[in-house]
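What follows is a single structure, written as structure tokens, with notes after it.
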Amino acid sequence: MTQTSLPQTQENFNLNLIIKDVKVALILKLAGLTLTYLVQVFLARWMGKTEYGIYEYVISWSLLIAIPAGLGLPRTALRLIAEYQVKQDWGRLRGIVRGGWLLTVLTSFGLSLASTGLILLLNHYHTFAYATPLLIGIWLVPLQALVQLQLETARGMKDVTLAYAPSEVIWPILLLLGGWFFWHKNHALGSITTIELAMLMLAIALSFQFWRLWSKLNKEVEVTTPVYCYREWIDIALILLLQVGFKTILSQTDIVMVGSLIGPEQAGIYSAAVKTAIWVAFILQTINIVVAPVFTELYTQNDQQGLQNLVSKVTVWIFWFSLAIGSILIVFAQPVMGLFGPEFIVAHWQLKILVLGQMVNALCGSVGLLMVMTGHQNQAVVVYGYTA
């Protein structure tokens, strides 16, 4: 009886910890999504659909280019930090944190320089409207790449607040306040000003996160000589880079294509519908924040039953909450899109279609994350590749 009750007690204890962390993540994600949504609404109103469309176009490009700049290291760090903690391999843990940060900085700056040269070359032979905003916004790439790396590093160290507060709470607040200041001062807000403001505020948020992250590392991880296993890490990272690339292609290329083929006005309107539909995946994303390192821990400990129980429980949670959110957005599509302004209401059908797609994604649960965190990234990337 004692042998039976102990595993059950341990499972309940772990589940209680997960529920507690999910609550924290829920608050942070809710605050982050709300703030991001408010930023989108106010920027659309302050800038107008054309300038707002240019801003979204540049941001989408910076996110796309930040993928290869990250080399797949963010998700690699998330998985291996959790694994190294279970194995108490402190040398490799320190190594992947330091080495990953250095590689990301070097690669992202190199890509930004190369992209700057390409934009100047293209603009020299064929002038295009996006040239100046892109020349400025391309330097968001190093910041966007570091956002993901530091976020996943903090997740691996099980600090949800440190992972998400800087980029999803502090940055939107600073951007919103800065945007209001310039709009109130000049009675107008252009795309270039907003891009420059976004860069400055993101740099501030990242600097704070960097300081807190290294303080946490030195406090909680045994001081030892870092061990750098670059070849092993890159082998994993390149596969995960392909996977993240396929996912981002699915989530960002549509905005880029709309902006390129139809124009910045339609890109801005469509982007508003995309941002709104993301609310359906809110619970899925929130639960994934917490369970990702737990998946790796249970798998590394060969606790297959515990892993199965955890997956079953979180899938049920995700199903019901996602269904409720999606249904509300479909019913109230027009008034929700009207929050961006009267010209955005025409996108209510796009919103309904996007919501249905997000519901299918959410209702499948954490299957993709589970495969990656248990070392089955090679099989997962094939699925993502066919989907993209």
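Under my numbering, the first residue of the sequence shown is numbered -15, with each subsequent residue one higher. Backbone N, C-alpha and C define an ideal beta-carbon position, used for all residues, glycine too. Because the structure is a prediction, the values reported are computed rather than measured.
Just checking, does the stretch 82 to 99 make contact with the stretch 132 to 141 on the three C-beta pairs under 8 Å criterion?
-> yes
A331 and A256 closer than 8 Å at C-beta | Reading the sequence shown from its first residue, position 347 is the one you call residue 331. Reading the sequence shown from its first residue, position 272 is the one you call residue 256. The answer is yes: Cβ separation under 8 Å.
Where does Q289 fall in DSSP's three states?
-> The residue you call residue 289 lines up with position 305 of the sequence shown. Helix, per DSSP.
For H110, which of helix, strand or coil comes out of DSSP?
-> Looking up residue 110 in the sequence shown gives position 126. The answer is coil: DSSP assigns H110 none of H, G, I, E or B.
Do you know how far the Cα of A28 is from the Cα of W167?
-> Residue mapping note: residue 167 aligns to position 183 of the sequence shown, counting from 1. Residue mapping note: residue 28 aligns to position 44 of the sequence shown, counting from 1. Using only the alpha carbons, I get a separation of about 12 Å.
Let me know if T270 comes out buried or exposed under the rule of 16 or more other beta-carbons within 10 Å of its beta-carbon.
-> Your numbering for residue 270 matches position 286 in the sequence shown. Classification of T270: buried, given that the 10 Å Cβ count is 16 or more.
Just to confirm, are T91 and L55 a CB contact at a threshold of 8 Å?
-> By 1-based counting over the sequence shown, the position of residue 91 is 107. By 1-based counting over the sequence shown, the position of residue 55 is 71. Yes, the pair counts as a contact, with Cβ atoms nearer than the cut-off.
Between which two residues does the alpha helix (DSSP H) carrying K200 extend?
-> The residue you call residue 200 lines up with position 216 of the sequence shown. S175 to E204 is the span of the alpha helix (DSSP H), which, as asked, contains K200.
Range of the contiguous alpha helix (DSSP H) that encloses L124 = The count along the sequence shown starts at 1 and reaches residue 124 at position 140. First-last for L124: undefined, no H or E at that position.
Any idea what DSSP makes of S350, helix, strand or coil?
-> Here residue 350 corresponds to residue number 366 of the sequence shown, with the count starting at 1. Here S350 sits in coil by DSSP.
At what residue ranges does the stretch 244 to 292 contain a whole run of the beta strand (DSSP E), taking only runs of 3 or more?
-> none
Using the rule of at least 16 other Cβ atoms within 10 Å of the residue's Cβ for burial, across every protein chain shown, is M241 buried or exposed?
-> Counting from 1 along the sequence shown, the entry for residue 241 is found at position 257. Classification for M241: exposed.
Out of curiosity, what's the CA-to-CA distance linking A113 and V125?
-> The count along the sequence shown starts at 1 and reaches residue 113 at position 129. The count along the sequence shown starts at 1 and reaches residue 125 at position 141. Whole-angstrom Cα-Cα distance: 20 Å.
What's the gap between the Cα of Q(-6) and the Cα of V300?
-> Sequence index remark: in the sequence shown, residue -6 carries index 10 (1-based). Sequence index remark: in the sequence shown, residue 300 carries index 316 (1-based). In this prediction, Q(-6) has a pLDDT of 49, which is less than 50 and means its spatial position is unreliable; nothing more can be read from the coordinates.
Measuring CA to CA, which of H110, S99, M141 and G32 is closest to G121?
-> For this step, residue 121 is matched to residue 137 along the sequence shown. Considering only alpha carbons, the answer is S99.
How would you label K203, buried or exposed, when you count the other beta carbons within 10 angstroms and need 16 or more for buried?
-> Taking the first residue of the sequence shown as 1, we reach residue 203 at position 219. K203 should be labelled exposed.
Mapping DSSP to helix, strand and coil, what is M(-15)?
-> To locate residue -15, count along the sequence shown from 1; it is residue 1. In this predicted model, M(-15) has a pLDDT of only 41, less than 50, meaning its place in the structure is not dependable; the value taken from the coordinates is given anyway. If DSSP states are grouped into helix, strand and coil, M(-15) belongs with coil.
Cutoff 8 Å: T284 Cβ touching any chain C Cβ = Reference to chain C is not applicable here, since this structure consists of a single protein chain.
8 Å Cβ shell around Q(-13) - same chain, five flanking residues per side excluded = Taking the sequence shown and counting its residues from 1, one reaches residue -13 at position 3. Any reading at Q(-13) needs caution, since the residue's pLDDT is 45, under 50, leaving its predicted position unreliable; the model's value is listed next. Cβ within range, chain order: n/a, list empty.
Span of the alpha helix (DSSP H) holding M321?
-> As a working mapping, residue 321 is identified with position 337 in the sequence shown. Per DSSP, M321 belongs to the alpha helix (DSSP H) from A317 to G322.
Is the stretch 13 to 21 close to the stretch 257 to 268, with three or more CB pairs under 8 Å?
-> yes
Is the CB-CB distance between M355 and L335 below 8 Å?
-> Counted from its first residue, the sequence shown places residue 355 at position 371. Counted from its first residue, the sequence shown places residue 335 at position 351. Contact: no.
Would you mind reading off the limits of the alpha helix (DSSP H) that contains T145?
-> Position 161 of the sequence shown holds residue 145. Here the alpha helix (DSSP H) through T145 covers V144 to A149.
Quick check: the stretch 57 to 64 against the stretch 179 to 196, are there 3 or more CB pairs under 8 Å?
-> no
When the Cα of G243 is compared with those of I3, S44 and W30, which residue comes out closest?
-> Taking the first residue of the sequence shown as position 1, residue 243 is located at position 259. Of the candidates I3, S44 and W30, the one whose C-alpha sits nearest the C-alpha of G243 is S44.
Pick from L104, T111, G140 and A9 that is closest to E281, judged by C-alpha positions = Here the question's residue 281 lines up with position 297 in the sequence shown. E281 has its Cα closest to that of G140, out of L104, T111, G140 and A9.
Are at least three pairs of beta-carbons, each pair with one atom in the stretch 225 to 239 and one in the stretch 303 to 319, less than 8 Å apart?
-> no
F303 and L291 look like a contact to me (Cβ under 8 Å); what is the Cβ gap, rounded to whole Å?
-> As a working note, residue 303 is residue 319 in the sequence shown. As a working note, residue 291 is residue 307 in the sequence shown. Contact flag wrong, Cβ pair sits at about 19 Å.
Could you tell me whether the stretch 65 to 84 touches the stretch 153 to 161, where touching means 3 or more Cβ pairs closer than 8 Å?
-> no
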